[in-house]
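Residue numbers (this note's numbering), protein chains in the order written: chain A, 1 to 305; chain B, 1001 to 1338; chain C, 2001 to 2241; chain D, 3001 to 3249; chain E, 4001 to 4407. Idealized CB from N, CA, C, for every residue including glycine. To keep things clear, I will list the structure first and then write my remarks on it.
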Ligand SMILES: Nc1ncnc2c1ncn2[C@@H]1O[C@H](COP(=O)(O)OP(=O)(O)OP(=O)(O)O)[C@@H](O)[C@H]1O
Ligand SMILES: Nc1ncnc2c1ncn2[C@@H]1O[C@H](COP(=O)(O)OP(=O)(O)OP(=O)(O)O)[C@@H](O)[C@H]1O
Ligand SMILES: [Mg+2]
Ligand SMILES: [Mg+2]
């Protein structure tokens, strides 16, 4: 029974990771950007929703406001920061102007360092504005409500989170697979230069991808804000789990990300059931084991060499 | 059999570095002499301690640059070895009773010894996978360390070997020792990169497959880089523990060490020996100058990182230096032919 | 009025002047072959026409309207489609998705999926395969099809025979001839002289970024063109811009 | 030319459903040039990969001068004198042209002793790249990248040289230089395997021709006989039949 | 010159200036601890500007140099070294969590500079490796110990009917280690057994393993960090675990973290180290505990927090020690501290008076409290109030009620 419970709780936990990882996976898949600012941005979304709720808005309305605001923010961040950084990756890839004392430019590290800079600066700004006190988005009794599931009792909020995660991932996946814009996004991921030759503006398309990613991230931030206490630095705590979900699942596959989140969640809860000290450790070990056996992740969308 | 079907015509002159490099190297040597023989006598003990941190940062930056800039291994998990080095130092100095200098060097060796088996895991990954994978490996190191009671669990360990020594003696020893270590690491990295092995490593970084077809032992080369880079992180970790007199798992295994390395290398200029030196000085100076600002210090740090990447993609060294190299590793061909 | 009119075009890579004052005109339905040695500036010229590498001087008029500084993705919507060197398909997309990417600018015209599959019947058979696993010849067909689906005013083809087996080259050029015969205006860069002369109405020869020969394709002597490549035929009608 | 330098026997390789080699066997002697032709996707490059050691075959063996290479990696084979060029050039973009070639001369090339730098320089001269020695290889254009591929391979001082489409895109006037280079190497006793779609260049120099289609050897022997054989005409040179690689599997 | 002779070293400098170094925590995860420090340091700077310290008739001006630990222990050690070796402070103050106090104390030991620390139970402060207290010569610590917490907890638990089974929620950090190592033995005498399933790492996202092990335990005890407690407490609600009494250290320290629990914070109990109703006054300013708390609330608009009194007390101790020493000489100050007795806003503090603790530890009074939700609280006032419910260890602090079982 405990094992069953651990498994079920793990799946729910995985939903939480997957929701957070969805945007990460999209940005990673389309632009190969390892976005270290993802965690703190989710926290920013939580603060913003909390602020709106404190102004008297109902939570659903706060979400309706925050999600588009984050989409716009994502668009701007991509155009203003990540696109210039990506230009360097490509400059380096093409050999570009690499004359001179062997110095090659930041290259593929440019987006990583830019996102790192954003993460560090934003975390501190949040602390400056909101102080380091821990906060939570009030949910009334929702947060600690449980629903009976056979012999088990599972949390209502985690259940909602899982459902939302599946819905968001299905939505984004469908968008990528079925719409012309989604197709163009995948094309840009493969070869931005060639995509431009078909009439797609790669910089715009990247920005659209980031906008979508930020919208999902804002949603994830709201759920984080409801399910735990957050502080400006909280994002770092879960960022690695989200990355693990992305990588276990495989590059460029959103269903993979969901599967990755669930694998990680279950590994953590089952691990904790074996030894309460080792839940997180067990998650990490399963992550490494998956990579040893399948270095491309569970469901990679095999991208050509 | 072999190539020379065309007789050698107008043999070229091949040079590595010019007079500028010699002058620059002379300048650097002078700086080292000043640091060794003058600085300790004119600044405070506190300044010496923070210079030790600068030297540790140079070692961290230089060895991470070896990994990422020359080996193409973008590890986000080098804090694993900072931690191993820190813990090894304290165990060796306190429990085993080794003299501190020997304990630091041994910590480097232990770091290398741990890195060797780990490399077999890490090298199954590439790109973003490798970055996240190494980060997870470092977390595993931290979590496992926390579960070992003998290592103080979540509380960490204090370094007690120095209790009772005169503080001037202690600070002076740590200072000179760290300086020597930094010079050795930078010089060693330079000589490595200047050697045939260094050429092979650069080839591996640029294209592993092509390097292999030209006879470069790719796996061995990458492993060498990973092990050497990790040994460097462990040395730095030992120095940090030596200077802060203790370790806690949260702090010594903190990903912020790797963040600092990335900052130092990219802001300074990746793929050059000089870049990490510049980057470390910038990082350290920012820390010294801005730490009193509290929160704003980190805001500035973040903004500097973004600004340098976007405005000076080749790093600060690339900005000032152009073709000039203090540590010439590249070849210049002055063709004998027209 | 000519579909494409280019005057005094200069394109640079840093200090290097890769295209040096080239002019050309393309009438509706005409096929022009641009020839030249390696590094003569042919691909660079196409890049400047397609907007992937903007020129430093000169003008490019499309149907009389200046598009000189317009980026590639907007130029496609005006009707300039380039089949780039090396095919550059989207490897993770299926063949059909690759073709549909050609529809992205939504230009009306005769080319739709059915028309392309008619020209390249073997492509239709593998519409659900990922482009990455196609052979070189199959990829080349898809790349041309993708450009056609944009219903271009001008189709720019850059060495579409490179690296292809002789049988495939023949087949691709058969298709190109059929396409141009249907009235599509085309500019073809080709190293294989026989193919170039067979497909083109006119040829223009580049030498180090300058035009050294302009002539109708019919009756043109292979040797004369080859000489022009290397600038060793003063007796031919050369034109220095 | 008694014992062949290279003996490839029974090589098989497949990617999922796509068969790129099925029981492929051939031999090349020192001082001999073998041409390799076949439709796109026939498996030529894959075969070269298998001989050079950058890809492992599912079955079969590769023997060089009596020594079994099958289990050796690419670097070890390079040390024994196998050198190759890549169809899609892979320069070390962070290094200059000279340094690129120096890599070849410094590692696999070391077994010759003597001066590494001289060997590197000769390779540049032979391929006509000496003037670009200081250029960052990342900024070379395609054709010079291909030259660099050959130069690097030459710098290792190979006994067996594997060339993958080094003539494509050259003008009529440039082709003879390449042909001349291959001929000289062959005459110096190097065994050459050359994949090329520019047939007249290939036929100018090769002693034998092998035609591969869908992973199978469909003809092998005298170049002009091979080129006239009906199968080769059908699948390679041009007819109505469409050669869809891997499809016949 | 000598090595490091470029400028003043520790304990050097002007004899008419008392230079106090303070390693505070202003940024990072432990920043809430530092807020009270920042407030008190500012008011102390004003106070000292108007009231110089008088030592043997001579007036000492006071200078306070603050450095931020950034919530990181390595950084804490680094800035402590800077304070001592670059700024030449006469002594170092530090507070809150062993992660910060211990490295600072190590630097002081190594550099022979007095160090006064607080806001960390004395066991994790004193016991650094192995299980014996470290031999410290320059560090002086004022706080309570786990024996006090367990006594307070036992008293609170005794006020609620329970089955004597307690569930332990201890993280793998210095606090959690000390709690789990000491608590079970300490509470056994009072008839409560603690089941400790093992130390979990901070940041754990799922506590179902703990929850299944905790079933049937009427008492919950632990020292989680605030986010982890929220996660745990919510999952407890979701999975139906409902103890009769939950006594939580650290996570319930700050009113903001209790508020963040929503209604679920009502009735949680905790140890209370300082409370405005305590009958203590500051030996420096003469303010009562209540006045200090009120002043804080007026000046900052935030609810009072417990570290406030201890930040004030650090300065009280400093001034008393310097006056007792009669100079700013480090050895003199250390000597004075070893037998110092001073009545502060957190209670009477005396070193060397209690044989059950190391000589460098002085214990402060401890009581127990329960957070009560004031359902009718107006907008803008604080919804939660901390009520003292146990004072067996410090009868001088009045109680405001009895422990009420959790609803
Ligand atoms: N990205 C680039 N950076 C720098 N120089 C370039 C670049 N691309 C081309 N060049 C240079 O511009 C000139 C013209 O090149 P271009 O590719 O247009 O020639 P081409 O006629 O297409 O040759 P080919 O037949 O080899 O394709 C050459 O000298 C080439 O070296
Ligand atoms: N890594 C791979 N995964 C799956 N299929 C592959 C892979 N590499 C090659 N193939 C397939 O194997 C077949 C043979 O490819 P190969 O590159 O050897 O052909 P080739 O004869 O060199 O063709 P070309 O003349 O066009 O260069 C092709 O169908 C190709 O798509
Ligand atoms: Mg070209
Ligand atoms: Mg091939």
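When distances are taken from the beta-carbon of residue 3087(D) to the heavy atoms of ligand 4, the shortest one is below 7 angstroms. Distance from the CA atom of residue 1054(B) to the CA atom of residue 1285(B), rounded to whole angstroms, is 9 angstroms. Excluding its 5 nearest sequence neighbours in each direction, residue 40(A) has C-beta neighbours in its own chain below 6 angstroms: 119, 122, 123 and 235, listed in chain order.
Assignment of residue 2204(C) by DSSP, reduced to helix, strand and coil, places it in the strand class. Where residue 4141(E) is concerned, the enclosing beta strand (DSSP E) starts and stops at 4139-4142. Residues are counted here when their Cβ sits less than 8 angstroms from a Cβ of chain C; for the segment 3083-3108 of chain D these are 3087, given in chain order. In this structure, residue 28(A) sits away from residue 299(A), with a CB-CB distance that is not shorter than 8 angstroms. Below 8 angstroms, enough C-beta pairs join the segment 1095-1107 of chain B and the segment 1238-1245 of chain B to call them touching: three or more.
Distances taken from the Cβ of residue 2043(C) to the heavy atoms of ligand 3 include one shorter than 7 angstroms.
Exclusion of the five residues before and after residue 1297(B) leaves 1290 and 1291 as the residues of its chain whose Cβ lies within less than 6 angstroms of its Cβ. Residue contact check for residue 4027(E) against chain B: a CB pair falls below 8 angstroms. Taking CB atoms only, residue 3194(D) has no neighbour in chain B less than 8 angstroms away. Residue 4158(E) places its beta carbon 8 angstroms or farther from that of residue 143(A). Taking non-hydrogen atoms of ligand 2 into account, the C-beta of residue 4067(E) is found less than 7 angstroms away from none of them. At a Cβ-Cβ threshold of 8 angstroms, residue 2171(C) and residue 2119(C) do not count as neighbours. DSSP lists 4066(E) and 4093(E) as the bridge partner or partners of residue 4022(E). Between residue 4170(E) and residue 4207(E), the C-beta gap is not smaller than 8 angstroms, which leaves the two residues out of contact. Put simply, of 147(A), 160(A) and 243(A) the residue whose alpha carbon is nearest the alpha carbon of residue 4237(E) is 147(A). Straight-line measurement puts the Cα of residue 4275(E) at about 11 angstroms from the Cα of residue 4347(E). Distances from the CA of residue 4104(E) to each of 4326(E), 4133(E) and 4072(E) were compared; the closest alpha carbon is that of 4072(E). Between residue 110(A) and residue 85(A), the CB-CB gap stays under 8 angstroms.
Taking 9 angstroms as the Cβ-Cβ cut-off, the segment 3127-3153 of chain D approaches chain B at 3130, 3131, 3133, 3134, 3137, 3138, 3149, 3152 and 3153, given in chain order. Of all residues in the segment 185-201 of chain A, those with a C-beta nearer than 8 angstroms to a C-beta of chain C are 186, 187, 189, 190, 191, 193, 194, 195, 196, 197, 198, 199, 200 and 201, reading in chain order. One alpha carbon belongs to residue 3233(D), the other to residue 3227(D), and they sit about 7 angstroms apart. Relative to ligand 4, residue 3195(D) has its C-beta within less than 7 angstroms of a heavy atom.
Within the segment 1057-1096 of chain B, the complete alpha helix (DSSP H) segments at least 4 residues long are 1079-1090, listed from N- to C-terminus. Per DSSP, reduced to three states, the secondary structure at residue 1253(B) is coil, with no helix or strand assignment. Shown here for residue 247(A): same chain residues with a beta carbon closer than 8 angstroms to its own, the five before and five after excluded, namely 260, 287, 291 and 297 in chain order. Nothing from the segment 1182-1213 of chain B brings a Cβ to less than 8 angstroms from some Cβ of chain A. Taking 7 angstroms as the cut-off between beta carbons, the residues of the segment 268-281 of chain A near chain B are 277, 280 and 281, in sequence order. Residue 2119(C) is outside the set of residues whose beta carbon lies under 8 angstroms from a beta carbon in chain D. In the DSSP annotation of this structure, the continuous segment of the alpha helix (DSSP H) that includes residue 17(A) starts and ends at 2-31. In the three-state reduction of the DSSP assignment, residue 2056(C) falls in the coil class, being assigned neither a helical nor a strand state.
Contact between residue 3167(D) and residue 3178(D) holds: their C-beta atoms lie close to 5 angstroms from each other, under 8 angstroms. Contact of residue 9(A) with chain E by beta-carbon distance below 7 angstroms involves 4206 and 4208.
Where residue 4371(E) is concerned, the enclosing beta strand (DSSP E) starts and stops at 4367-4373.
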